[in-house]
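Enquirer: The structure is given below, and queries will be raised subsequently.
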């Protein structure tokens, strides 16, 4: 088996599943995960980073498999009480989850970077691989619907993805600096593979690629770039990927995702049903990750495929 | 029985007991409570107002009689988790209590005054009497100990009152504007009595009296000013009152408290053991408030005494 650094790009739930698989088949120092921060937002005076938190909770074994977000063994006293005080309760924050948001917000206000806070959280939760935000600068995904532009979490959680999506924008991306450690790792000549996890391409991966310099650094790192399709059997596993595709006038298929990534892709991992009609170099493997074993098996398949592309 | 407005000055636990008694023997519109904000502080990025919160929780029947602070039926997931993240856990914030701090901080940052937020909290918790902060401007009690100046909650909670107190200061008091509704009520000619609740004089009542204009407004409101001694049988009921007196070189007695309030006092309510040697006009009554009935009985005694002083 090859060695070298595996750089994974990930959003929330789907991406975190493969990131967990990768973390279980690779030594900690050989995995670096670049997390989407486009769906971060300010709520109740707190900075909330849903994708980073889903990743760290998943890697630490603290994730809540029933919800796909937040922590397991959670309590809800805060949320119950804030509702009685007339506070906003549409974004569910458990009491344990809240501790992370309060502590992170305090440290960001005190001048620490999101990278520093995230690294410390990972250390304290016993997470081996590095988890880096795509940027320490603020990037915020916005969604244009028929009623106008919405903040992402307003669209995603408050309105439960009901509005029809016409356009997406990543506010702040043009001025954001890529996370320096991620950039240095990509330029270091020791990258084994870049793995684009099976996250929603529009709202999880494209914000990362929109940070100036990151796409170029990925393309020129000297390692194969392999994506795993978030579409299985012509459907999205979870979340609004398929609905967004339709609303944006795109065919709901793995091929559509491959086209979005375009020349960046060296290889593409798809489920057997999704293979026909895709021009990228393919590896066909079961991509539905139900069990922990599924995550590890897919991680190994992706790495083996990437190694063959070198 | 007389009518007119009763204005009560109160700190936390001891004061809140009498405030509760007053609230149960007076129509809601005849009671206005001016709360100390000198022990407010910023912690974990949140603005925490311990005396206001003890008052509102007590008046709403949500107080925790076991601790004297916080809410009953509380859960502690937030606190447990923030400790694992390396956050500060010396000031105990329950999950339900936290909702108030988060929501208040959000609203203060959005430009609402502490008075507005407190009024809305009272309304939502079903509290009839008005609870007003002594000022919407920031006043912070500090404690000079042998090691230097400490923030009040550092002294009070983190160091559990262990350092020897040499001096107290109310930072910001000289520039603080008295809460305008309290000032207007005192000037309105309809005050029946001013009640100085049995709170710690040094850290609960004197910060209120240090707000420019408030002491004069109390003295000239045309109603008798009656204090209830926080010393019962030569001892403080709770908290560091007696220890502070000793360290400040004062005799631990009800007489010492009366001397601190000086010419402001028209009458003084003390327990039988504490009466000898006090020059103020006295009313002797049991001042230890153990049961709810004790609180009501003392409230009636204080009001009856004040009415005789008119």
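Chains as they are written, first to last, in this note's numbering: chain A, 683 to 992; chain B, 683 to 992. All C-beta atoms in this analysis are idealised placements derived from N, C-alpha and C, irrespective of residue type, glycine included.
#1: In chain A, what lies closer than 7 angstroms to residue 757/B by C-beta?
#2: If you run the structure through DSSP and keep just helix, strand and coil, what is residue 691/A?
#3: Output, in sequence order along the chain, the residues in the segment 777 to 800 of chain A whose CB is closer than 7 angstroms to any CB in chain B.
#4: Report all residues from its chain with a CB closer than 7 angstroms to the CB of residue 684/B; omit the five preceding and five following residues, and keep chain order.
#5: Within 10 Å of its beta-carbon, does residue 751/A have 16 or more other beta-carbons around it, so buried, or fewer, so exposed?
#6: So, for residue 707/A: in the same chain, excluding its five sequence neighbours on each side, which residues have a beta-carbon less than 6 angstroms away from its beta-carbon?
#7: At a Cβ cut of 9 angstroms, what residues of the segment 732 to 757 of chain B count as close to chain A, listed as they run along the chain?
#8: Buried or exposed: which applies to residue 829/B, given that a residue is buried once 16 or more other Cβ atoms fall within 10 Å of its Cβ?
#9: For residue 952/A, which residues in the same chain have their Cβ closer than 7 angstroms to its Cβ, ignoring the five residues on either side in sequence?
#10: Which complete alpha helix (DSSP H) runs does the segment 932 to 982 of chain A hold, if anything under 4 residues is left out?
#11: Let me know if residue 759/A comes out buried or exposed under the rule of 16 or more other beta-carbons within 10 Å of its beta-carbon.
#12: 8 angstroms is my cut-off, CB to CB: does residue 951/A come that close to chain B?
#13: Output needed in chain order: residues of the segment 919 to 942 of chain B with a Cβ under 8 angstroms from some Cβ in chain A.
#14: Check for me: the beta strand (DSSP E) holding residue 878/A runs from which residue to which?
#15: Let me know if residue 958/A comes out buried or exposed under the rule of 16 or more other beta-carbons within 10 Å of its beta-carbon.
#16: Below 7 angstroms on C-beta distance, what does residue 803/A contact in chain B?
#17: Where residue 904/A and residue 949/A are concerned, what is the direct C-alpha to C-alpha distance, given to the nearest angstrom?
#18: For the beta strand (DSSP E) containing residue 748/B, list its first residue and its last residue.
#19: Decide if residue 721/A is buried, meaning its Cβ has at least 16 other Cβ atoms within 10 Å, or exposed.
#20: So what's residue 886/B in DSSP terms, helix, strand or just coil?
#21: So what does DSSP say about residue 787/B, is it helix, strand or coil?
#22: Could you tell me whether the Cβ atoms of residue 727/B and residue 788/A are closer together than 8 angstroms?
#23: Could you pull the DSSP bridge partners for residue 910/B from this structure?
#24: For residue 888/B, count neighbouring Cβ atoms within 10 angstroms of its own Cβ and tell me buried if that reaches 16, exposed if not.
#25: Within 8 angstroms of any Cβ in chain B, is that where the Cβ of residue 657/A sits?
#26: Just grab the DSSP bridge partners of residue 724/A for me.
#27: Could you please give me the residues that DSSP links to residue 815/A through a beta bridge?
#28: Please decide whether residue 806/B counts as near chain A, where near means a Cβ-Cβ distance under 8 angstroms.
#29: At 7 angstroms on the CB atoms, spell out the chain B contacts of residue 727/A, in chain order.
#30: Three-state secondary structure (DSSP) at residue 792/B?
Expert: Taking the coordinates as given:
#1: The residue given as residue 757/B occupies position 75 in the second chain. By Cβ distance, chain A contributes 757, 759, 777.
#2: The residue given as residue 691/A occupies position 9 in the first chain. It is a strand residue.
#3: 777, 778, 780, 781, 782, 784, 785, 787, 788, 791
#4: In the second chain, residue 684/B corresponds to position 2, counting from 1. Answer for residue 684/B: 874, 989, listed in chain order.
#5: Position 69 of the first chain, counted from the start, is the residue given in the question as residue 751/A. Buried is the call here.
#6: Position 25 of the first chain, counted from the start, is the residue given in the question as residue 707/A. Hits under 6 angstroms: 978, 981, 982.
#7: 753, 755, 756, 757
#8: Position 147 of the second chain holds residue 829/B. By the 10 Å Cβ count, residue 829/B comes out exposed.
#9: Position 270 of the first chain holds residue 952/A. If we look at residue 952/A and ignore the five residues flanking it on each side, its Cβ neighbours are 911, 936, 960, 964, 966, 969.
#10: 936 to 943
#11: Here residue 759/A refers to the residue found at position 77 of the first chain. The residue in question, residue 759/A, is buried, as its Cβ has 16 or more Cβ neighbours within 10 Å.
#12: One-based indexing of the first chain puts residue 951/A at position 269. It does not: the Cβ of residue 951/A has no partner Cβ on chain B nearer than 8 angstroms.
#13: none
#14: If you number the first chain from 1, residue 878/A lands on position 196. Its beta strand (DSSP E) spans residues 873 to 878.
#15: In the first chain, the residue the question calls residue 958/A occupies position 276. Residue 958/A is exposed by the Cβ-count criterion.
#16: Taking the first chain and counting its residues from 1, one reaches residue 803/A at position 121. Neighbours of residue 803/A on chain B, chain order: 767.
#17: Taking the first residue of the first chain as position 1, residue 904/A is located at position 222. Taking the first residue of the first chain as position 1, residue 949/A is located at position 267. Using only the alpha carbons, I get a separation of about 14 angstroms.
#18: As a working mapping, residue 748/B is identified with position 66 in the second chain. First-last for residue 748/B: undefined, no H or E at that position.
#19: Position 39 of the first chain holds residue 721/A. Buried, since its Cβ has 16 or more Cβ neighbours within 10 Å.
#20: Your numbering for residue 886/B matches position 204 in the second chain. It is helical.
#21: Mapped onto the second chain, residue 787/B falls at position 105. In this structure, residue 787/B counts as helix in the three-state DSSP scheme.
#22: Along the second chain, read from residue 1 onward, the residue named residue 727/B stands at position 45. Along the first chain, read from residue 1 onward, the residue named residue 788/A stands at position 106. Yes, the Cβ-Cβ distance between residue 727/B and residue 788/A is below 8 angstroms.
#23: Here the question's residue 910/B lines up with position 228 in the second chain. DSSP output for residue 910/B lists 951/B as bridge partner(s).
#24: As a first step, residue 888/B must be located in the second chain, where it is residue number 206. The residue in question, residue 888/B, is buried, as its Cβ has 16 or more Cβ neighbours within 10 Å.
#25: The question about residue 657/A has no answer, for chain A in this structure spans 683 to 992.
#26: Numbered from its first residue, the first chain carries residue 724/A at position 42. According to DSSP, which records beta bridges pairwise, residue 724/A is partnered with 729/A.
#27: Mapped onto the first chain, residue 815/A falls at position 133. Residue 815/A is bridged to 717/A.
#28: Residue mapping note: residue 806/B aligns to position 124 of the second chain, counting from 1. Closer than 8 angstroms to some Cβ of chain A, the Cβ of residue 806/B qualifies, so yes.
#29: For the purposes of this step, residue 727/A is taken as the residue at position 45 of the first chain. The contacting residues are 784, 787, 788, 791.
#30: The residue given as residue 792/B occupies position 110 in the second chain. DSSP places residue 792/B in coil when its eight states are reduced to three.
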